[in-house]
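Please read the structure below before turning to the comments.
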Amino acid sequence: MNLLEIVFKSQEGERVSFSPAQAFAAIGVASIAADGYLSEQKRQRIVELLLAQSLFADYSEPRLRKMLEDLFNLLSNRGLEPLVAIARESLPSEYQENAFKLAIDLALVDGELSAQEKEFVRHLWKIMDIPVEIAAEILEAIASEHNVNITP
Numbered sequence: 020m021n022l023l024e025i026v027f028k029s030q031e032g033e034r035v036s037f038s039p040a041q042a043f044a045a046i047g048v049a050s051i052a053a054d055g056y057l058s059e060q061k062r063q064r065i066v067e068l069l070l071a072q073s074l075f076a077d078y079s080e081p082r083l084r085k086m087l088e089d090l091f092n093l094l095s096n097r098g099l100e101p102l103v104a105i106a107r108e109s110l111p112s113e114y115q116e117n118a119f120k121l122a123i124d125l126a127l128v129d130g131e132l133s134a135q136e137k138e139f140v141r142h143l144w145k146i147m148d149i150p151v152e153i154a155a156e157i158l159e160a161i162a163s164e165h166n167v168n169i170t171p
């Protein structure tokens, strides 16, 4: 039994798995929580960004908010690392780059990139296997959109 199977056991003994939409949203939820502060600004932004994705074309706002609330509950019960691990395992490769963009946008929406958020973005970049050049372009573009200086 691997770590994911141990960590994500449900009460019935089944492993929790995510649909592609849930996995994508879970990356966003993890990004919001990375600095330990769940701001209303970030909660609103994730809804806007997810509803703009074709992956969520069939989602109403109430349905999306319910899914996000379930993911926040899972986050509070299981923690950040397990949430990201199962999301990464469940997320099809064609959505990984956009999930990375989502995570960066949510990390920067408040106008800064905290040390915890930097570490989260670095970890996400590594586990998503996004080429360094593409990750750098994404980070620079989104930082520019949010008028955030990300250089040390």
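Counting along the sequence shown from 1, when you hit position 51 you're at 70 in the numbering used here, and nothing is skipped either side. In this text, a Cβ means the ideal position worked out from N, Cα and C, and glycines have one as well. All values reported here derive from a predicted model rather than from experimental measurement.
C-alpha gap between residue i and residue j, whole angstroms
| i | j | result |
| --- | --- | --- |
| residue 62 | residue 89 | 13 Å |
| residue 143 | residue 84 | 24 Å |
| residue 78 | residue 141 | 30 Å |
| residue 36 | residue 64 | 25 Å |
| residue 38 | residue 74 | 11 Å |
| residue 159 | residue 138 | 16 Å |
| residue 80 | residue 66 | 8 Å |
Classification of residue i by the beta-carbon crowding that lies within 10 angstroms, buried from 16 upward
| i | result |
| --- | --- |
| residue 115 | buried |
| residue 82 | exposed |
| residue 132 | buried |
| residue 76 | exposed |
| residue 136 | buried |
C-beta contact flag for residue i and residue j at 7 Å
| i | j | result |
| --- | --- | --- |
| residue 47 | residue 121 | yes |
| residue 169 | residue 123 | no |
| residue 134 | residue 94 | no |
| residue 154 | residue 103 | no |
| residue 45 | residue 69 | no |
Cβ neighbours of residue i in the same chain (closer than 6 Å, five flanking residues each side left out)
| i | result |
| --- | --- |
| residue 147 | 115 and 119 |
| residue 42 | 106, 109 and 110 |
| residue 165 | 127 |
Close-in-space but distant-in-sequence residues of the same chain around residue i (CB under 7 Å, 5 per side omitted)
| i | result |
| --- | --- |
| residue 26 | In this prediction, residue 26 scores a pLDDT of 49, lower than 50, which makes its location untrustworthy; the coordinate-derived value is nonetheless stated afterwards. Excluding positions up to five away in sequence, the list reads 97 and 101. |
| residue 157 | 119, 120 and 123 |
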